[in-house]
Amino acid sequence: MFSMNSFEGMQVLSLVRGGDYAHAGEEEAIELAMRPMEKRSNQIIVDAGCGRGGTANYLQTMGWGKAVGLDIEPASIASARKNYPGVVFYVCDVCDVDRTIGVKADILCMFNAYYCFLDQARALSALRNVAKNGTQMVIFDHVSRGTYDPHALMDAGRPFLPSPPLLSRISDVLEAAGWRVNEVEEAHDSYVKWYSTLVSKIESKRSEIVTLAGASGYDHVIYLYSGLLRAAIQGRLGAAFIRAVPKH
């Protein structure tokens, strides 16, 4: 069964977005997320839930440091290694990051990945274990503004957005896992803009999507992303950049 969180789903998103990005806003969102971070070629950036590797490669290419990407999907990492041989990639559950990558991070980032981690608290604790005292972490993600129902949009029998962080509680969740939140930058207007643009792109690439995923695949893709856009316009769903540092 076709699913957006599968390798095939990532292929469709890559086609629609015009690059190996699965997150809203593509490069604009990366620039906004990384705005407070210094660019230093010798620092280590860990991209957790990196998918097909486009974001990790962009971060390294644009000078933020040496990127390390990890993702639980082997086919996505195989594609990332093929397309971006200058970046280090691991097939790895985020909860095992501290037993896998063998380095400490100067910057930790997640781009529309945190919401689908099965054990978010454990993931945050594992990421804390690969952090230094001065590590900066940024989570860019969908956020529930209090009324979003994860079962409103289903993808291959599962909620499309299983656990978007609840905006009113995210600071407490990170604190409990060893992080101190410095800033929650809400980006709801941009979220609406990005998904409005994405839905238009999906419609314009119908024939290419049908070739990849069939007519039913196209119908499923447009259903899901139109649903996200509707939830965003209604104020039930939004986006935020959550910036945190390790608690001492």
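Numbering (our numbering), first residue to last: 3 to 250. Where a beta carbon is used, it is the ideal one built from N, C-alpha and C, also for glycine.
For residue i, which residues from the same chain have a beta carbon less than 7 Å from its beta carbon, with the 5 sequence-adjacent residues on both sides left out?
i, result
"R130", "A179, G180, W181, P248"
"M12", "A24, G53, R54, S78"
"G237", "R147"
"S228", "V201"
"F243", "L34, A35, V140, F142, E187, A189"
Quick one: what's got a C-beta closer than 8 Å to residue i's C-beta in the same chain, skipping five residues either side?
i, result
"V132", "V48, V99, D100, I103, V105, K106, A107, L110"
"L239", "H144, V145, S146, R147, Y150, L163, P166, Y193, L230, A233"
"V70", "I46, I47, V48, D49, A58, V89, V90, F91, Y92, I103, V105, A107"
"T137", "K106, A107, D108, I109, L110, V247, P248"
Taking residue i as part of the beta strand (DSSP E), name the residues at either end of that continuous run.
i, result
"V105", "Element bounds for V105: n/a, residue is neither H nor E."
"L72", "68-73"
"G50", "Strictly speaking, residue 50 in this sequence is Ala, with Gly absent from that position. Taken as a continuous stretch (DSSP letters only), the beta strand (DSSP E) holding A50 covers 46-50."
For residue i, tell me which candidate among the options has the shortest Cα-Cα distance.
i, options, result
"Q62", "Y116, P87, G216, E188", "P87"
"A125", "V96, R37, Q138, Y197", "V96"
"H250", "V183, S209, Y197", "V183"
May I ask which residues mark the beginning and end of the alpha helix (DSSP H) holding residue i?
i, result
"V195", "According to the sequence as given, residue 195 is Lys; it is not Val. Residues 190-206."
"H243", "The amino acid at residue 243 is misidentified as His; the sequence shows Phe. Counting along the chain, F243 falls outside any alpha helix (DSSP H), though it belongs to the beta strand (DSSP E) covering 239-248."
"N131", "122-131"
Would you decide whether residue i is buried or exposed? Buried here means 16 or more other CB atoms lie within 10 Å of its CB.
i, result
"H222", "buried"
"K68", "buried"
"A217", "exposed"
"E185", "exposed"
"M6", "buried"
"A158", "exposed"
"N114", "buried"
Using 8 Å as the cut-off, can you tell me whether the segment 211-230 makes contact with the segment 116-125, which would need three or more C-beta pairs spanning the two stretches below that distance?
With a cut-off of 8 Å, the segment 116-125 and the segment 211-230 do not count as touching, because too few Cβ pairs lie within range.
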